[in-house]
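Q: In the numbering used here, the protein residues as written are 330 to 390.
Backbone N, C-alpha and C fix where the C-beta goes; we use that ideal spot for every residue, glycine too.
There's a structure below that I have some questions on.
Now the structure itself:
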């Protein structure tokens, strides 16, 4: 089993995923193969940046 992509086929919703710890968690999940969605409250620009980084890792289609 490829340990780097062991979450392939799994879905994750990260609350507060646009900045800080939430962003770090979202990116790590994407790197490990999960499809990731993020929720944010205020900073749409940061949320879009996080989503772009997730897409680079193939974590969102």
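Suppose the cutoff is 7 Å on Cβ atoms and the five residues either side in sequence are ignored; what does the same chain contact list for residue 383 look like?
A: Answer for residue 383: 355, 356, 359, 365 and 389, listed in chain order.
Q: Quick one: is residue 370 buried, meaning 16 or more other Cβ sit within 10 Å of its Cβ, or exposed?
A: Per the 10 Å Cβ criterion, exposed.
Q: Going by C-alpha distance, which of 347, 337, 336 and 361 is nearest residue 380?
A: If we check each option's Cα against that of residue 380, 347 comes out closest.
Q: Considering residue 376, what are the terminal residues of the alpha helix (DSSP H) in which it resides?
A: Residues 373-385.
Q: Taking the straight line between their C-alpha atoms, what separation do you get for residue 353 and residue 345?
A: If you take the alpha carbons of residue 353 and residue 345, they lie about 10 Å apart.
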